[in-house]
Amino acid sequence: MQSAYVQLIYGSGLMSKDKQNGYEEAGGRFFCFPKGSKRTVPLLPPVIKVENLTHVYAPGTPFQVTSLDNVSLEIAKGEFLAVVGATGSGKSTLVQHFNGLLKPTRGKVTVCGRDVSDKQAGRTLWRKVGLVFQRPEQQFFEETVFDDVAFGPRNMGLSRDEVKERVEDALRLAGLDPVQVGQLSPYRLSGGMKRRAAIAGVLALRPEVLALDEPTAGLDPQGKRQLLDRLENVRREWGVTIIFITHSMEEVGLLAERVAVLNRGRLAMIGAPREIFSRAEELRGMGLDVPVPTAIMDRLRAAGNPVRTGILSNTEAEEEIAKLLSGAAST
Numbered sequence: 001m002q003s004a005y006v007q008l009i010y011g012s013g014l015m016s017k018d019k020q021n022g023y024e025e026a027g028g029r030f031f032c033f034p035k036g037s038k039r040t041v042p043l044l045p046p047v048i049k050v051e052n053l054t055h056v057y058a059p060g061t062p063f064q065v066t067s068l069d070n071v072s073l074e075i076a077k078g079e080f081l082a083v084v085g086a087t088g089s090g091k092s093t094l095v096q097h098f099n100g101l102l103k104p105t106r107g108k109v110t111v112c113g114r115d116v117s118d119k120q121a122g123r124t125l126w127r128k129v130g131l132v133f134q135r136p137e138q139q140f141f142e143e144t145v146f147d148d149v150a151f152g153p154r155n156m157g158l159s160r161d162e163v164k165e166r167v168e169d170a171l172r173l174a175g176l177d178p179v180q181v182g183q184l185s186p187y188r189l190s191g192g193m194k195r196r197a198a199i200a201g202v203l204a205l206r207p208e209v210l211a212l213d214e215p216t217a218g219l220d221p222q223g224k225r226q227l228l229d230r231l232e233n234v235r236r237e238w239g240v241t242i243i244f245i246t247h248s249m250e251e252v253g254l255l256a257e258r259v260a261v262l263n264r265g266r267l268a269m270i271g272a273p274r275e276i277f278s279r280a281e282e283l284r285g286m287g288l289d290v291p292v293p294t295a296i297m298d299r300l301r302a303a304g305n306p307v308r309t310g311i312l313s314n315t316e317a318e319e320e321i322a323k324l325l326s327g328a329a330s331t
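Using UniProt numbering, the letters of the sequence shown correspond one by one to residues 1 to 331.
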């Protein structure tokens, strides 16, 4: 393993345009940071490497469908990667390769240095990669929240004390009080709390990678915000790599360091959010959109107003509009 470090300084004008978009390739490996940041990172192998992945459902039958077609990408340790695409673009199929639920028809997927097609590796991938499906609260099967979260650690053969520690740590990290909710039926929790309890069940395994398929679907705005805050907290405290499938471009703009865009089973784009959202017309051609603040700034700019584009948040948009109005008032 290389021990050298590379220092990335964005916004200095010393890098090529594509490197200023918020990510850098060093030794063939991508490291992603917000534009304008200064970070020193080790040249470590990617936690997930996808090479020319093709997946065909029901091959050789009249129902044959190619869901992924020659997809290649690398995901760095500790990265927050959003995966977006229209319905049927292959997002869920891609993520299900990461913990061995699906095997490549062609190509190769390596997770934590292990080929997912290897039978021995497949037996331990569930500990490395935690996968949270859409509406995971529908998969509760134990009588109490504690027992549901404890299911994974117990099956790992841990002692009673270790199981208790993991369950309590996972619940706290998911934003739930173990004392208050531990002995409740999971079905007595609110919608947002159910979602967080389900995620705690995966966190209790202490995976290196947490992959979530539309985790905010069906939640109210407050529930979404709380869940997103918790995911960022998980990444910050445990260094977990997060892969986040979503249709919400606002969520992408808030949290993701990089965005992978799938279109009809192929990797159409990959890059920092500002770079991806600067290609709004291409995204719309794929059935996608950009965050509302981004769209507003684009329309103001198209109308001849001197505003920045690539705006991702409401706060940035408010600041830019305030500057515009201030300038108009002074003339």
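From the three backbone atoms N, C-alpha and C, an ideal C-beta is built for every residue, glycine too. Note that the coordinates shown come from a computational prediction; the quantities given were computed from them, not determined experimentally.
Closest Cα partner of residue i within the set the options
| i | options | result |
| --- | --- | --- |
| GLY239 | LEU173, THR93 and GLY191 | LEU173 |
| LEU288 | ARG266, SER313 and LEU262 | LEU262 |
| LEU300 | ILE243, GLY218 and ILE321 | ILE321 |
| LEU312 | PHE140, LEU255 and THR241 | LEU255 |
| PRO207 | GLN180, THR124 and VAL181 | THR124 |
| LEU131 | ASP147, ARG235, ASP213 and ALA302 | ASP213 |
| ILE48 | GLY88, HIS55, GLN96 and THR87 | GLN96 |
Reduced DSSP secondary structure (H/G/I, E/B, other) of residue i
| i | result |
| --- | --- |
| LYS38 | Residue confidence for LYS38 is low, a pLDDT of 38 falling below 50, so the modelled location carries little weight and cannot support an answer. |
| ASN305 | coil |
| SER89 | coil |
| SER326 | helix |
| ALA121 | helix |
| GLY253 | helix |
| LEU189 | coil |
| GLU137 | helix |
| ASN155 | helix |
| MET286 | coil |
| GLU208 | coil |
| LEU171 | helix |
Cα-Cα separation between residue i and residue j, rounded to whole angstroms
| i | j | result |
| --- | --- | --- |
| PHE63 | THR105 | 15 Å |
| ALA268 | ILE243 | 17 Å |
| residue 395 | THR110 | Since the first residue shown for the chain is 1 and the last is 331, residue 395 is missing from the structure and cannot be characterised. |
| THR315 | THR294 | 11 Å |
| GLY223 | THR61 | 43 Å |
Beta-carbon contacts of residue i that lie in its chain and below 6 Å, excluding the five residues immediately before and after
| i | result |
| --- | --- |
| PRO136 | ALA198 |
| residue 332 | The structure shown does not extend to residue 332, since the chain is modelled only from 1 to 331, so the question has no answer here. |
| ALA150 | VAL163 and VAL167 |
Residue i, buried or exposed, once every other Cβ within 10 Å from all chains shown has been counted against 16
| i | result |
| --- | --- |
| LEU210 | buried |
| ALA58 | exposed |
| PHE141 | exposed |
| ARG258 | buried |
| ASP229 | exposed |
| LYS119 | exposed |
| LYS323 | exposed |
| SER190 | exposed |
Close beta carbons around residue i, own chain, < 8 Å, minus the five adjacent residues each side
| i | result |
| --- | --- |
| PRO153 | GLU162, VAL163, ARG166, VAL167, ALA204 and LEU205 |
| ALA121 | GLY100, VAL111, ARG114 and ASP115 |
Chain-order list of residues whose beta-carbon lies under 7 Å from that of residue i (same chain, five-residue window excluded)
| i | result |
| --- | --- |
| LEU227 | GLY192, ARG195, ARG196, PRO215, THR216 and LEU219 |
| VAL252 | ALA82, VAL84, THR246, VAL259 and PRO273 |
| THR144 | GLY182, GLN183, LEU184 and SER185 |
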